[in-house]
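Engineer: So the sequences go chain by chain: X and A. Counting in our numbering, the first sequence runs from 376 upward without gaps. Counting in our numbering, the second sequence runs from 535 upward without gaps.
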Amino acid sequence: MKIFGVKIPMMYSLLIWVVLWEIVGQMEMFLVIPPFSGIVVAIIEMAQAENFHDAASLSLYSFAMGMLISIIVGIPLGLVMGKIPAADRLLGMWVNVFLSAPLSSLVPIIMILFGFGQTTIIVTVFMFAVWIITLDTCAGVKHINPSLLEMGESFGASSWQMYSKILIWAVLPEILAGLRLGLIRGVKGVIIGQLLVALIGMGELLTVYSRGFHMEEFWALILFLFAFALGTSWLISLLERRIEYYAGSRG
Amino acid sequence: MAAETSDTSAKAESIVEVRHLSKTYDGRVRALEDINLSFPKGQLTTLLGPSGCGKTTMLKIIAGLLEPSSGEVFVNGKKITGPGPERAFVFQDFALMPWATVLRNAAFGLELRGMAKNERNEIARKYIAEVGLTGFENSYPRELSGGMRQRVGLARALAVNADVLLMDEPFSAVDEQTRRKFQEDMLALMEIEKKTFIFVTHSIEEAVYLSDQVVLLSRLPGKVSEIIKAPKAAGSPDEIRRDKVYLDTVEHIWQTLRKYLEE
Ligand SMILES: Nc1ncnc2c1ncn2[C@@H]1O[C@H](COP(=O)(O)OP(=O)(O)O)[C@@H](O)[C@H]1O
Ligand SMILES: [Mg+2]
Chain X
376 MKIFGVKIPM
386 MYSLLIWVVL
396 WEIVGQMEMF
406 LVIPPFSGIV
416 VAIIEMAQAE
426 NFHDAASLSL
436 YSFAMGMLIS
446 IIVGIPLGLV
456 MGKIPAADRL
466 LGMWVNVFLS
476 APLSSLVPII
486 MILFGFGQTT
496 IIVTVFMFAV
506 WIITLDTCAG
516 VKHINPSLLE
526 MGESFGASSW
536 QMYSKILIWA
546 VLPEILAGLR
556 LGLIRGVKGV
566 IIGQLLVALI
576 GMGELLTVYS
586 RGFHMEEFWA
596 LILFLFAFAL
606 GTSWLISLLE
616 RRIEYYAGSR
626 G
Chain A
535 MAAETSDTSA
545 KAESIVEVRH
555 LSKTYDGRVR
565 ALEDINLSFP
575 KGQLTTLLGP
585 SGCGKTTMLK
595 IIAGLLEPSS
605 GEVFVNGKKI
615 TGPGPERAFV
625 FQDFALMPWA
635 TVLRNAAFGL
645 ELRGMAKNER
655 NEIARKYIAE
665 VGLTGFENSY
675 PRELSGGMRQ
685 RVGLARALAV
695 NADVLLMDEP
705 FSAVDEQTRR
715 KFQEDMLALM
725 EIEKKTFIFV
735 THSIEEAVYL
745 SDQVVLLSRL
755 PGKVSEIIKA
765 PKAAGSPDEI
775 RRDKVYLDTV
785 EHIWQTLRKY
795 LEE
């Protein structure tokens, strides 16, 4: 970032926004924008509060379960769709529909089907995260070096060996890219699901804070969620960088 | 023509037989038309011809990776229906797994057959040494030069102990000096391994230098235009490259191919 021709490092530009926020907050211009220092205090208090711990662990559990199911379903589905054109024609349409549909509008239906509890949240996370994982995996399989597949075939690989020893490894870069995007969508899924159900976890806290105009606590929670989403996707990108070398050696 | 001297090796029993082979892609591109060929056991036969004349197509059909439109291929007297353990393929672009070490790549054919790890690694090590890559067992393909990568591809094909090695322009992605060294090593290796090689190239010198028999293919649709016996001269690589018979054969093939270019 550059201001008046002077290069400003990332951390400083963040600092500028924080200062700006603090000034606007101190001026009490908007009800929904408390001073940033207040939010920091709220974050510190929140980190010690029991209701936050309960909400966080509940949300984390739903998130982890939803992501796990997304991975278990999404990757094999993507591999099969990439390898078998008939499967792609049959399922590709649905994957694309779910990928671009406003999934939030489906949450009420999920609620009817799965009740007002954890299961609904897990299913919501799954619906948010799985399709991008499937799509990226599928795209990866379609761009795989064909002679790698011919190599497996010529040395007599069974179809299970083809998937487990060649395909999945060749597609790992795309799988991880899909996973990173899936994680971010999954975080959205937890929050939107919990907000709409409004009775559990982070969603409950957010509802309570915003209804009661506890803006410091509300923003503290939002910032925490941002940090969580960015943090997990950053971890995946570290993993991606480690395997980047083989992106370069693909035909 | 001196190149066409008939010798006893011409009577060697054939291991691969191609009968009335034709291949048409998408009902339009006639890549091969009525090919009849015998590949003598223990010899190196080169398929030589202009680019796009169907060399790769023929090699992949013999490998069982492609279905012919008509005709058949026999290996050891049996009609083939797909890939088999008596044939191994060496790929033009190496087809190494970038996530696996040299050792695992070289042992991969055996791994697919379910051979125990110790056993297959021991065999792979032997062939890694034979192609001159000792010390690189734990390297990854990206750490090797093109020539070294193709040596890994060769070791992988040798390790499965197939009777027939199918090589599709194995040296085309390798620079010129490495290529020469590789060709010389190939000749030495053929002495040890006593396998049948079917070799695709578009380099006349390479074909004559390595082959017992050169099959000239014509422009699309690919047909056999001539089969040239090219008995290998004795002596050092440099002596071979100055040998009269070698030079005459190269010249003869060049004249034949030139006709296609002028057509
Ligand atoms: N999968 C394919 N579909 C359609 N045409 C193909 C396909 N593969 C090869 N061909 C065509 O068949 C002809 C022979 O190709 P190929 O066997 O690769 O030639 P070579 O290896 O001698 O260069 C070429 O004209 C090529 O365009
Ligand atoms: Mg070719």
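Glycine included, each C-beta is placed from N, C-alpha and C at the ideal position. Fair warning: this is a prediction, and the values are worked out from it, not measured in the lab.
Residue 405 of chain X: buried (16+ other C-beta within 10 angstroms of its C-beta) or exposed?
Structural biologist: Residue 405 of chain X should be labelled exposed.
Engineer: Kindly say whether residue 616 of chain X, judged by its beta-carbon, lies nearer than 8 angstroms to any beta-carbon of chain A.
Structural biologist: Chain A contact via Cβ: absent.
Engineer: Take residue 771 of chain A and list the residues in its own chain whose beta-carbon comes closer than 7 angstroms to its own, dropping the five residues that flank it on each side.
Structural biologist: These residues qualify, in order along the chain: 718.
Engineer: Enumerate, from N- to C-terminal direction, the unbroken beta strand (DSSP E) stretches of 3 or more residues contained entirely within the segment 691-726 of chain A.
Structural biologist: As far as the segment 691-726 of chain A is concerned, its whole beta strand (DSSP E) runs of at least 3 residues are 698-702.
Engineer: Can you tell me whether residue 626 of chain X is buried or exposed, with buried defined as 16 or more other CB within 10 angstroms of its CB?
Structural biologist: Any reading at residue 626 of chain X must be qualified, since the residue scores a pLDDT of 37, below 50, and its modelled position is unreliable; the value itself is stated next. Classification of residue 626 of chain X: exposed, given that the 10 Å Cβ count is below 16.
Engineer: Are the CB atoms of residue 693 of chain A and residue 726 of chain A within a distance shorter than 8 angstroms?
Structural biologist: It is not a contact, given that the beta carbons lie outside the stated cut-off.
Engineer: Show which residues of chain A have a CB atom less than 9 angstroms away from the CB atom of residue 544 of chain X.
Structural biologist: Residues of chain A passing the Cβ test: 631, 632, 633, 634.
Engineer: Runs of 4 residues minimum, wholly inside the segment 537-590 of chain X: which ones carry the alpha helix (DSSP H) assignment?
Structural biologist: Those alpha helix (DSSP H) runs which fall completely within the segment 537-590 of chain X and span 4+ residues are 547-572, 576-586.
Engineer: Is residue 436 of chain X helix, strand or coil when you go by DSSP?
Structural biologist: DSSP places residue 436 of chain X in helix when its eight states are reduced to three.
Engineer: Using 7 angstroms as the cut-off, classify the Cβ of residue 583 of chain A as near or not near the heavy atoms of ligand 1, replying yes or no.
Structural biologist: It does: the Cβ of residue 583 of chain A is within 7 angstroms (strictly closer) of some heavy atom of ligand 1.
Engineer: To the nearest angstrom, report how far apart residue 543 of chain A and residue 624 of chain A are at their CA atoms.
Structural biologist: Residue placement at residue 543 of chain A cannot be trusted, given a pLDDT of 44 that sits under 50; what the coordinates show is reported in the next sentence. Each residue's Cα considered, the two are about 25 angstroms apart.
Engineer: Given that residue 532 of chain X touches chain A, what residues does it touch there, using C-beta distances under 8 angstroms?
Structural biologist: In chain order: 646.
Engineer: Return the residues of the segment 499-532 of chain X that lie within a Cβ-Cβ distance of less than 8 angstroms from chain D, sorted by chain order.
Structural biologist: This model lacks chain D altogether; the protein chains it does include are X and A.
Engineer: Helix, strand or coil for residue 407 of chain X per DSSP?
Structural biologist: Looking at residue 407 of chain X - three-state DSSP - the assignment turns out to be coil, as it is neither helix nor strand.
Engineer: So if I measure from each beta-carbon to every heavy atom of ligand 1 and keep distances below 5 angstroms, which residues remain?
Structural biologist: This selection yields A/559, A/563, A/565, A/585, A/586, A/587, A/588, A/589, A/590, A/591.
Engineer: How long is the line joining the alpha carbons of residue 538 of chain A and residue 648 of chain A, rounded to whole angstroms?
Structural biologist: Reliability fails at residue 538 of chain A, whose pLDDT of 43 lies under 50, so the model's placement of it is uncertain and the value that follows must be treated cautiously. Taking the straight line joining both Cα atoms gives about 46 angstroms.
Engineer: In angstroms with no decimal places, state the Cα-to-Cα distance between residue 790 of chain A and residue 710 of chain A.
Structural biologist: Between residue 790 of chain A and residue 710 of chain A, the C-alpha separation is close to 25 angstroms.
Engineer: Assuming residue 613 of chain X contacts residue 491 of chain X (C-beta within less than 8 angstroms), just tell me the rounded distance between them.
Structural biologist: Contact flag wrong, Cβ pair sits at about 37 angstroms.
Engineer: Is it right to say residue 605 of chain X is buried, meaning 16 or more other beta carbons lie within 10 angstroms of its own, or is it exposed?
Structural biologist: Exposed, by the Cβ-count rule.
Engineer: Taking the runs of the beta strand (DSSP E) that are 3 residues or longer, which of them lie wholly in the segment 608-676 of chain A?
Structural biologist: Counting only runs of 3 or more, we get 621-624.
Engineer: According to DSSP, what are the bridge partners of residue 553 of chain A?
Structural biologist: Per DSSP, A/606.
Engineer: Let me check understanding here. Comparing Cα to Cα, which of A/697, A/705, A/732 lies closest to residue 594 of chain A?
Structural biologist: Looking at the Cα atoms, A/732 is the closest of the given residues.
Engineer: Across which residues does DSSP place residue 418 of chain X in a beta bridge pair?
Structural biologist: None; residue 418 of chain X has no bridge partner.
Engineer: Between residue 735 of chain A and residue 703 of chain A, is the Cβ-Cβ spacing less than 8 angstroms?
Structural biologist: Yes; because the gap between Cβ atoms is below 8 angstroms, this pair is in contact.
Engineer: Assuming residue 433 of chain X contacts residue 538 of chain X under a Cβ cut-off of 8 angstroms, what Cβ separation, rounded to an integer in Å, is found between them?
Structural biologist: About 36 angstroms; that fails the 8 angstroms criterion.
Engineer: Say whether chain X places a C-beta atom closer than 8 angstroms to the C-beta of residue 642 of chain A.
Structural biologist: With 8 angstroms as the cut-off, residue 642 of chain A counts as an interface residue toward chain X.
Engineer: Out of A/669, A/661, A/582, A/607, which has the shortest C-alpha to C-alpha gap to residue 549 of chain A?
Structural biologist: Ranking the options by Cα distance to residue 549 of chain A, first place goes to A/607.
Engineer: Going by DSSP in three states, residue 544 of chain A sits in which element: helix, strand or coil?
Structural biologist: Residue placement at residue 544 of chain A cannot be trusted, given a pLDDT of 46 that sits under 50; the coordinates are not used to answer.
Engineer: Taking C-beta pairs closer than 8 angstroms, name the residues in chain X that residue 617 of chain A reaches, listed in chain order.
Structural biologist: Simply 528, 529, 530, 531.
Engineer: According to DSSP, what are the bridge partners of residue 734 of chain A?
Structural biologist: Residue 734 of chain A pairs with A/581, A/702.
Engineer: By how many angstroms is the C-alpha of residue 556 of chain A removed from the C-alpha of residue 650 of chain A?
Structural biologist: Going by the C-alpha atoms only, they are around 41 angstroms apart.
Engineer: How about residue 627 of chain A: is its Cβ closer than 7 angstroms to a heavy atom in ligand 2?
Structural biologist: Residue 627 of chain A Cβ: outside cutoff for every heavy atom of ligand 2.
Engineer: Are any of the Cβ atoms in chain X nearer than 8 angstroms to that of residue 623 of chain A?
Structural biologist: For residue 623 of chain A, the answer is yes, since a Cβ of chain X falls inside 8 angstroms of its Cβ.
Engineer: I need the DSSP call for residue 606 of chain X, collapsed to helix, strand or coil.
Structural biologist: Residue 606 of chain X falls in the helix class under three-state DSSP.
Engineer: Within the continuous beta strand (DSSP E) that includes residue 762 of chain A, where are the two ends?
Structural biologist: Segment 758-763, the beta strand (DSSP E) holding residue 762 of chain A.
Engineer: Excluding the 5 residues preceding and the 5 following residue 614 of chain A in the sequence, name in chain order all residues of the same chain whose CB lies nearer than 6 angstroms to its CB.
Structural biologist: Closer than 6 angstroms at the Cβ level, and outside the excluded window around residue 614 of chain A, lie 598, 607.
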